[in-house]
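Student: With the first letter of the sequence shown counted as 1, position 125 gets the number 140 in the numbering used here; the numbers rise by one all the way through. Ideal Cβ placement from N, Cα and C applies to all residues, glycine included.
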Amino acid sequence: RRKILSLILYGAPLSPFVRKVDVLLREKGVEFENESVNIMPMPDWFKEISPARRIPVLRDLTVGKEGTEGTIPDSSAICAFVERKFPEPAFYPADAFELGRATWYEEWADSELAGRIGMGIFRPILFPRFQGKESDIAAASKTWREDLPPLLDYLEGELEGREFLAGGAISLADIAVTCQMTNLELVAG
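Below, the structure written as structure tokens:
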């Protein structure tokens, strides 16, 4: 007999944003169900619970089972919910300044790194393959040479002499950056 889990994470396994939530839930020891969603084209039921048309979305069945009830779209919003609902072990620093820094690094990873790695390298290499076409290696190479080095230099400077980005321990900042870098490794490693 299958145990019914109260959390469902909707998304695609290659997404660094889905991976970020997945890692946080697993690190906290929270049981959940992963439900893959083919986002090309995105099904109507998913469009209803994801107003920004992005993955992931989390459903908490203890709050709602249908429609938008019980759903939280956006990986950062989901991670904040998970941290509050399952506070141990903590993945957000307790210190106010370090919390701000961790939140900054998460945002930077989700926007700056994701933009360059996801849109500039990952998609040009992988998405055409899904359609039986050749990868756009020239576009990916241009991003690799021109756009990625300043971001990696920034990250290296921020980590200099430290093992973790914020708060002296692993935090959501480290998870968010690592999930983006994992996608880079998947296609260009």
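Could you say which of Asp37, Ile70, Val38 and Pro66 lies nearest to Asn53 if we only look at CA atoms?
Tutor: Residue 53 sits at position 38 when you count from the first residue of the sequence shown. Selected option, being the one with the closest Cα: Ile70.
Student: Assuming Ala188 and Glu127 form a contact by the criterion Cβ under 8 Å, report the distance between their Cβ atoms to the nearest whole angstrom.
Tutor: The residue given as residue 188 occupies position 173 in the sequence shown. The residue given as residue 127 occupies position 112 in the sequence shown. Their Cβ separation, rounded to whole angstroms, is 13 Å, which puts Ala188 and Glu127 out of contact at 8 Å.
Student: Could you tell me which residues DSSP puts in a beta bridge with Val72?
Tutor: On the sequence shown, residue 72 is found 57 positions in, with the first residue counted as 1. Answer is Tyr25 and Pro88, bridged to Val72.
Student: Taking the straight line between their C-alpha atoms, what separation do you get for Ser65 and Glu161?
Tutor: Taking the first residue of the sequence shown as 1, we reach residue 65 at position 50. Taking the first residue of the sequence shown as 1, we reach residue 161 at position 146. Roughly 33 Å between the two C-alpha positions.
Student: In chain order, which continuous runs of the beta strand (DSSP E) of length 3 or greater are located wholly inside the region 97–131?
Tutor: Qualifying beta strand (DSSP E) stretches: none in this window.
Student: Going by DSSP, which residues form a beta bridge with Ser51?
Tutor: Reading the sequence shown from its first residue, position 36 is the one you call residue 51. Gly26, per the DSSP bridge assignment.
Student: Report the CB separation of Gly4 from Ala117 in whole angstroms; it is logged as a contact under 8 Å.
Tutor: This structure leaves residue 4 out entirely; the chain is present only between 16 and 204.
Student: Assign Gln195 to one of two classes, buried (16 or more other C-beta atoms within 10 Å of its C-beta) or exposed (fewer than that).
Tutor: Translated into the one-based positions of the sequence shown, residue 195 becomes position 180. It counts as buried.
Student: DSSP three-state label for Pro56, please.
Tutor: Position 41 of the sequence shown, counted from the start, is the residue given in the question as residue 56. If DSSP states are grouped into helix, strand and coil, Pro56 belongs with coil.
Student: Between the region 131–151 and the region 82–93, do three or more beta carbon pairs fall short of 8 Å?
Tutor: Short answer: they don't touch.
Student: For Arg99, count neighbouring C-beta atoms within 10 Å of its own C-beta (all shown protein chains included) and say buried if the count is 16 or more, exposed if not.
Tutor: Locating residue 99 in the sequence shown gives position 84, counting from the first residue. Exposed is the call here.
Student: With 16 other CB atoms within 10 Å as the buried threshold, where does Trp60 fall?
Tutor: The residue given as residue 60 occupies position 45 in the sequence shown. It is exposed - the Cβ of Trp60 has fewer than 16 other Cβ atoms within 10 Å.
Student: Going by DSSP, what residue range makes up the alpha helix (DSSP H) through Lys35?
Tutor: If you number the sequence shown from 1, residue 35 lands on position 20. First-last of the alpha helix (DSSP H) with Lys35: Pro31 to Glu42.
Student: Between Leu201 and Ser186, what straight-line distance do the alpha-carbon atoms span, to the nearest angstrom?
Tutor: Residue mapping note: residue 201 aligns to position 186 of the sequence shown, counting from 1. Residue mapping note: residue 186 aligns to position 171 of the sequence shown, counting from 1. Going by the C-alpha atoms only, they are around 23 Å apart.
Student: If you check the beta carbons only, do Gly85 and Arg74 fall under 8 Å apart?
Tutor: Stepping through the sequence shown from its first residue, residue 85 is reached at position 70. Stepping through the sequence shown from its first residue, residue 74 is reached at position 59. Cβ distance < 8 Å, so Gly85 and Arg74 count as in contact.
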